[in-house]
Amino acid sequence: PTLKNSFINVQENNAIVPNLNQEKILSAEANYLITSEKIKGRLSAYISEFRNGTTVSSFFAEIGSGADYFQEVVTNIDKRHLGIELGFQYQLTSAFNTSAVIAFGQHTYTNNANVSINFDTSDFSEDLINPTSFENLGETYIKNYKVANGPQQAYSIGFEYKNPNYWSVNASGNYFSNGYLAISNISRTSSFFNNPNDFGQPYQNVDLDLARKLLKQEKFNPYFLVDLSARKSWWIKGTTIKIVASIHNLFDKTYKSGGHEQSRTANYGALVSDTANGNLQRNFGPKYWYGFGRTYFINLAVGFKKRKSSKERFLKQNKY
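In the working numbering, each residue carries its 1-based index in the sequence shown increased by 30.
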């Protein structure tokens, strides 16, 4: 693991995550290439197994045994990334070509990891959760939840025109789906059903259907983006000049690109209360981040060094 995920609270002490294990990553990939005069393509399949992962994070939370500012340590995290990708380019004419990409992935947690919490015991005005400043919450039931690492399905189609006078234009449409909100590990431990206002005793009359609904992982809405770009090149006495202009997200689409659940309400009663008036009225709802809106780029590249056969290299680089 990284240094960040090896020390529990580096700002206050040198305590290291107990029984720290090296994470193991096992990967396999298979590719099939297609190459002809008009078509170039690749079909890929991959699988990656991540074992014994560790994460450390800090936040304030109300858990079943009390409320405090915690360092949450999650160990023995296993994940699987499985997917298929297909991409090809077809040369319609000497000037026009089209391309397409399909990517289908399934990235999931494959076990129930272990969660422990660490907290400060120096403030005697607070009710102590545990005098040792440590509590093992046991398993977090995250098996089969999705890993929140971006859209797990993507589809793209593009068109390009290249003019013999050293300019080109490109347009692409890109569809993304199956993105997920990062889950709260501590909210999926057995302590979630303990009442901090009743000395950590289990809540009475728990509505399990409601609990499942509250802990269901959020799936983001799919979104479609259009990108445009244009390029112009000049070759002047051994000097090459290139200008590339592009527009990303042409129609200024608003979309969620990621986010995470807050662990502030990490017990059944607090979460029910926080969601009583709907998700839009929550005090401690999920934190989202959004993709860029319409974005413009202009790039200029100038090559000053004159070399032998620079024009030939220029033509080769620009593929005209």
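We put the CB at the ideal spot given by N, CA and C, even for glycine. The structure presented is a predicted model; accordingly, all values stated were derived computationally and were not measured.
* **Three-way DSSP call (helix, strand, coil) for K286 in this model** => strand
* Asked: First and last residue of the beta strand (DSSP E) that includes K246?
  -> First-last for K246: undefined, no H or E at that position.
* Of all the options L280, S276 and K54, which has the alpha carbon lying nearest to the alpha carbon of T32? -> K54
* Any 3 or more C-beta pairs closer than 8 Å across the region 258 to 277 and the region 208 to 225 -> no
* contact_flag[the region 101 to 108, the region 75 to 93] where n(CB pairs < 8 Å) is 3 or more -> yes
* Is D257 near S202, with beta carbons less than 8 Å apart? -> yes
* Asked: Which residue comes first and which comes last in the alpha helix (DSSP H) that contains G180?
  -> Looking at the DSSP string, G180 is not in any alpha helix (DSSP H), and its letter there is neither H nor E.
* Just tell me which of G299, N279 and F334 has its CA closest to the CA of F322. => N279
* Counting along the chain, where does the alpha helix (DSSP H) carrying L301 start and finish? -> Y298 to D304
* Asked: If you pair each beta-carbon of the region 200 to 217 with each one of the region 282 to 291, do three or more pairs fall below 8 Å?
  -> yes
* Asked: Does DSSP put Q234 in a helix, in a strand, or in coil?
  -> coil
* In whole angstroms, what separates the C-alpha of T284 from that of K249? -> 16 Å
* Asked: Can you give the beta carbon distance from F149 to K109, rounded, assuming they're within the 8 Å contact cut?
  -> Not confirmed; about 27 Å, so no contact.
* Is it a yes or a no for the region 118 to 131 touching the region 174 to 191, going by three-plus beta-carbon pairs under 8 Å? -> yes
* Asked: Tell me the DSSP bridge mates of V86?
  -> V103
* To do: Could you check which residue in L112, K243, A91 and T65 has the C-alpha nearest to that of I77?
  => L112
* Asked: Going by beta carbon distance, what residues of the same chain come within less than 8 Å of F90, once the five residues before and after it are set aside?
  -> A97, D98, Y99, F100 and R294
* Element boundaries [beta strand (DSSP E), containing N51] -> It is not in any beta strand (DSSP E) - N51 carries neither H nor E in the DSSP assignment.
* **Integer-rounded CB distance, given that Y171 should sit under 8 Å from N208** => Not really, about 22 Å apart at Cβ, beyond 8 Å.
* Asked: Assuming P226 contacts E92 under a Cβ cut-off of 8 Å, what Cβ separation, rounded to an integer in Å, is found between them?
  -> 6 Å
* Coarse secondary structure for L330, derived from DSSP in three states -> strand
* **Nearest-angstrom Cα separation, counted from G71 out to I64** => 5 Å
* With which residues is V199 paired in a DSSP beta bridge? -> Y191 and A260
* **With 16 other Cβ atoms within 10 Å as the buried cut-off, status of Y326** => exposed
* To do: Consult DSSP for F206 and reduce its assignment to one of helix, strand or coil.
  => strand
* Name the DSSP bridge partner or partners of F37? -> I46
* Return helix, strand or coil for R110, following the three-state DSSP convention. => strand
* To do: Please state whether DSSP places I216 in a helix, a strand or coil.
  => helix
* Asked: What's the gap between the Cα of R218 and the Cα of N144?
  -> 11 Å
* CB of L167 within 8 Å of CB of I147, strictly -> yes
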